[in-house]
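*Asks:* Under this note's numbering, the first residue of the sequence shown carries the number -11, and numbering increases by one thereafter.
Dropping a structure here in structure tokens format, bear with me for questions.
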Amino acid sequence: MVLSDVPSDTTSSQVADLIFVVPGDPDQNTGGYRYVGKLVATLRAIGTSASVVGVAGRFPRPDDEARIAMDTLLGGLPVGACVILDGLAMGGMPEVLERHAGRLHLVALVHHPLADETGLSEANRDWFFNAEKKALAITPHVITTSPFTAERLADYGVSPERIRTAEPGVDPPTGGNPAVGARRGPGSTPPSLLCVAHLSPRKAQHQLVEALSGLRALPWHCTLAGSGERDPAYGRRVQAQIRAAGLEGRITLAGEVEETALADLYRSADAFVLPSLYEGYGMVIDEALAAGLPVISSDGGALAHTANRPGVALYAAGDVRALEARLHAWLADPGAMAQARKLAGRESRRVRTWADTASRFLAAITDFRQVPGSARTDRASGSTFCGDWLAAREPVDHQARAPALNRLLNDWLAVRYDRSGETSQRSPVQVVDLGAGRGNNGVYLVPRLEVPQRWLLVDQDSDLLASAASRMEQLDVPYTTALTRLTTSGIERVLPADTALVTASALIDLVSGEWLRELVKASVARQAAVLVVLTYAGRFRLAPADPDDHLVERLVNEHQHGDKGVGTALGPEATAELAAALQARGYRLHLADSPWHLTPQHPEVISHLLSGWIQAARDCQNGDDARLARWLETRRRQLDQGQLSVSVDHRDLLALPPGSV
């Protein structure tokens, strides 16, 4: 067993709060190892006790040495220790994990499933799939490095509420962006291309060499930085391919390079290329963009999302001719590369830092520790996504909704239903409820929609979805459920082709602009109406007034823009952004206020709000929170005495497709 920063005498007073377990030497220079190393270093920098343990033996299909080493390590840890098991280390040994799962808090860290590795035989692929599925069933919680991998784990039977995502970050440039400042100007020759990845069939450097072989007439030089020793046979293959093509002087195999040398490579390059066939995230995309480099990337695996950004030119993974065309477009036209570089420079200011990743990771661990089941808290809106809170707010939600939108929607649905075919062949209109929770939205809408209907309830919490299904049974309406993470890539997949109405309640202020754009895209493709209600609008008022009400409101709204799991949340601006996006696609917009008016007769709802607001405010307050504590004490006393009323602004939106009346 290889130990890094973990005392051999693992008493409870000595063991780190978070223990990361990786196979072999923790200092290996691949994306997965760098993720763990950077994350642990950042956690320590912000005051969290974290350590890395390297386990001896063969991985990812473990030998006896690996099993014994893992068993010994886990057996020596105290009860309740939080152990983060890298997927490469844990995916092949469910029987070892099972012996320790009852006494340790095990968390799986999955970059991508083992069975998704390129070049596996069918027998090995099946073995990895079955072993990792069993291992993931034993570990109660999972953290993935991308939403793509989180969705992929549905095939492994991992329910969405057990998963959190902490995408990789990059080191912030010191003194500005050194790469942008030092790089040669447009038109410099030969343009310098950089590819950073260890040599392996999945990274597909051979395809990059093949593409460059067709561009001999253009000026360029390419550096392949990455170890050739992890798959020596493939490394020799690439080397022979370069030699056979006569490109030894134009393609440099730099081998594995340390951080300072790698920073120099980024600094001197003109463009970055990643031909990988599959990535669970693709950290080097962020690193290249942070350095101000324009990128040519395949769309393999998570790269379809990671690399779908300004300054990046995507092509279909495995398509060598498409890669060659992308390279030709930039190498033959310095102006095109300069424009891509300008876009990459702008994008560099938006790249996530390791501090952001560490914050997301700690939030996930805290969530797992505090809420071992499926309940989740959105502190910004004062909402605990569990049955008690959703049940408490439901009557207030229903009272607040704007009935005028129901009338407009019914008029449109009647026309849609009447035009759907002969009377004997007409099917009920398909309604999809995103973030259905315990069915609050369905309970309100089903009796108010005046056409035959069938429902699809979508949520990422199995307990809430089961509650919603039970309530829909009582309404006697056809329905199905979909347990899935509400990610950007999942919207298109989850909406049936015949969807007539997409609806959501108290949801879109928690999502990102990208998520909203995907919702619009999917709705427009189906010419579906969109009804989004009870979106927090950024204002609340309390009576009697307090001098610090505005402080709390400001901090709550600041917290609203934090990442709730699908990127930086839009918060109170969500309704306006959705309205603008739909209007630009020809939709007819109808907006209405739907404020909560809470009186002393709503003590449970007000109490939830006060707790959520003050926690959100404390999360955003950098100084002494004495003012916040005083504010909360005053408000709770007023609530107990029946003297506190609260109003919270919300907005409802109905958008009808082009041609609607």
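Note that the Cβ used here is the ideal one computed from N, Cα and C, for glycine as well.
Report the three-state DSSP secondary structure of Phe47 (helix, strand or coil).
*Replies:* If DSSP states are grouped into helix, strand and coil, Phe47 belongs with coil.
*Asks:* Examine the Cβ distances between the segment 505 to 513 and the segment 441 to 452 and report whether three or more of them are shorter than 8 Å.
*Replies:* No: the two stretches stay apart, fewer than three of their Cβ pairs being nearer than 8 Å.
*Asks:* Is the distance from the Cβ of Leu504 to the Cβ of Ala569 below 9 Å?
*Replies:* For Leu504 and Ala569, yes; Cβs fall inside 9 Å.
*Asks:* Between His99 and Gly19, what straight-line distance do the alpha-carbon atoms span, to the nearest angstrom?
*Replies:* If I take the Cα positions, the gap works out to 9 Å.
*Asks:* Run through DSSP, which three-state label would Ala557 get?
*Replies:* Ala557 falls in the coil class under three-state DSSP.
*Asks:* Whose CA, out of Ala259, Asp385 and Asp15, lies closest to the CA of Arg639?
*Replies:* Selected option, being the one with the closest Cα: Asp385.
*Asks:* Quick check: what's the CA-CA separation for Tyr575 versus Leu644?
*Replies:* Using only the alpha carbons, I get a separation of about 5 Å.
*Asks:* Quick one: complete beta strand (DSSP E) runs, 3+ long, within the segment 486 to 569?
*Replies:* Whole beta strand (DSSP E) segments, 3+ residues: 487 to 493 and 517 to 531.
*Asks:* Rank Pro263, Ala199 and Glu267 by C-alpha distance to the C-alpha of Glu105 and give the top, closest one.
*Replies:* When each option's Cα is compared against that of Glu105, the closest is Glu267.
*Asks:* Within 10 Å of its beta-carbon, does Arg527 have 16 or more other beta-carbons around it, so buried, or fewer, so exposed?
*Replies:* It is exposed - the Cβ of Arg527 has fewer than 16 other Cβ atoms within 10 Å.
*Asks:* Is there contact here, the segment 285 to 298 with the segment 217 to 236, by at least three beta-carbon pairs under 8 Å?
*Replies:* No: the two stretches stay apart, fewer than three of their Cβ pairs being nearer than 8 Å.
*Asks:* How is Trp208 classed by DSSP in three states: helix, strand or coil?
*Replies:* Correct three-state label for Trp208: coil.
*Asks:* Applying the criterion that 16 or more other CB atoms from any shown protein chain within 10 Å of the CB defines a buried residue, is Gln589 buried or exposed?
*Replies:* Exposed, since its Cβ has fewer than 16 Cβ neighbours within 10 Å.
*Asks:* Three-state secondary structure (DSSP) at Ala167?
*Replies:* Legend: pLDDT at Ala167 = 41, less than 50; position of this residue unreliable, value from coordinates given subsequently. If DSSP states are grouped into helix, strand and coil, Ala167 belongs with the helices.
*Asks:* From this set, Val197, Leu187 and Ile594, which residue's C-alpha is nearest Pro220's C-alpha?
*Replies:* The shortest C-alpha separation from Pro220 is found at Leu187.
*Asks:* Find out if the Cβ-Cβ distance for the pair Arg49, Gly80 is shorter than 9 Å.
*Replies:* Yes. Within cutoff.
*Asks:* Only counting the same chain, and skipping five residues up and downstream in sequence, which positions put a Cβ closer than 6 Å to that of His547?
*Replies:* Here the set comprises Ala368, Ala604, Asp607 and Cys608.
*Asks:* Of the choices Val158, Ala192 and Val197, whose alpha-carbon is the least far from that of Ser264?
*Replies:* That would be Ala192, whose Cα lies nearest to the Cα of Ser264.
*Asks:* To the nearest angstrom, how far is it from the Cα of Thr240 to the Cα of Ala111?
*Replies:* Approximately 36 Å between the Cα atoms of the pair.
*Asks:* By a C-beta neighbour count over all protein chains shown, 10 Å radius and 16 as the cutoff for buried, is Glu312 buried or exposed?
*Replies:* Buried is the call here.
*Asks:* Can the beta-carbon of Thr472 be found closer than 9 Å to that of Arg459?
*Replies:* No, they are not a contact pair.
*Asks:* Assign Met271 to buried or exposed, taking buried as 16 or more other Cβ atoms, counted over all protein chains shown, within 10 Å of its Cβ.
*Replies:* Label assigned to Met271: buried.
*Asks:* Going by other Cβ atoms of all chains shown within 10 Å of its Cβ, with 16 needed for buried, is Arg618 buried or exposed?
*Replies:* Label assigned to Arg618: exposed.
*Asks:* Does the Cβ of Arg171 have 16 or more other Cβ atoms within 10 Å, making it buried, or fewer, making it exposed?
*Replies:* Because the pLDDT of Arg171 is 47, which lies under 50, any placement of that residue in the model is unreliable, and the question is left without a value.
*Asks:* Could you pull out every residue in the same chain whose Cβ sits closer than 6 Å to the Cβ of Ala278, ignoring the five residues on either side in sequence?
*Replies:* Counting only Cβ-Cβ distances below 6 Å, and skipping sequence neighbours, we find Val158, Ser336 and Val339.
*Asks:* If we call anything under 9 Å between Cβ atoms a contact, is Leu641 one with Leu519?
*Replies:* Contact: yes.
*Asks:* Thinking Ala257 and Leu181 are a contact (beta carbons under 8 Å), I'd like their distance in whole angstroms, please.
*Replies:* Their Cβ separation, rounded to whole angstroms, is 7 Å, which keeps Ala257 and Leu181 in contact under 8 Å.
*Asks:* Report yes if the C-beta distance between Tyr303 and Phe136 is below 9 Å; otherwise report no.
*Replies:* Not in contact: Tyr303 and Phe136 (Cβ atoms no closer than 9 Å).
*Asks:* Rounding to the nearest angstrom, what Cα-Cα distance links Leu(-9) and Ser450 in this structure?
*Replies:* Residue confidence for Leu(-9) is low, a pLDDT of 41 falling below 50, so the modelled location carries little weight; the figure read from the coordinates is stated next. Computed Cα separation, rounded: 39 Å.
*Asks:* If you count every other CB in all the chains shown that lies within 10 Å of the CB of Ile602, and 16 or more means buried, which is it?
*Replies:* Answer is buried; the Cβ neighbour count reaches 16.
*Asks:* Pair every Cβ in the segment 386 to 401 with every Cβ in the segment 462 to 472, then say whether three or more of these pairs are closer than 8 Å.
*Replies:* No contact exists between the segment 386 to 401 and the segment 462 to 472.
*Asks:* Which two residues bound the contiguous alpha helix (DSSP H) that contains Ser180?
*Replies:* It is not in any alpha helix (DSSP H) - Ser180 instead sits in the beta strand (DSSP E) that spans Ser180 to Val184.
*Asks:* Helix, strand or coil: which one does DSSP assign to Ile665?
*Replies:* Coverage of the chain is limited to positions -11 through 649, which leaves residue 665 absent and any answer about it impossible.
*Asks:* Can you give the beta carbon distance from Arg329 to Gly280, rounded, assuming they're within the 8 Å contact cut?
*Replies:* Going by Cβ atoms, the distance from Arg329 to Gly280 rounds to 7 Å, so yes, they are a contact pair.
*Asks:* Go ahead and label Asp421 buried or exposed: buried means 16 or more other beta carbons lie within 10 angstroms of its beta carbon, across all protein chains shown.
*Replies:* Burial call: buried.
*Asks:* Are there 16 or more other CB atoms within 10 angstroms of the CB of Gln387, so buried, or fewer, so exposed?
*Replies:* Burial call: exposed.
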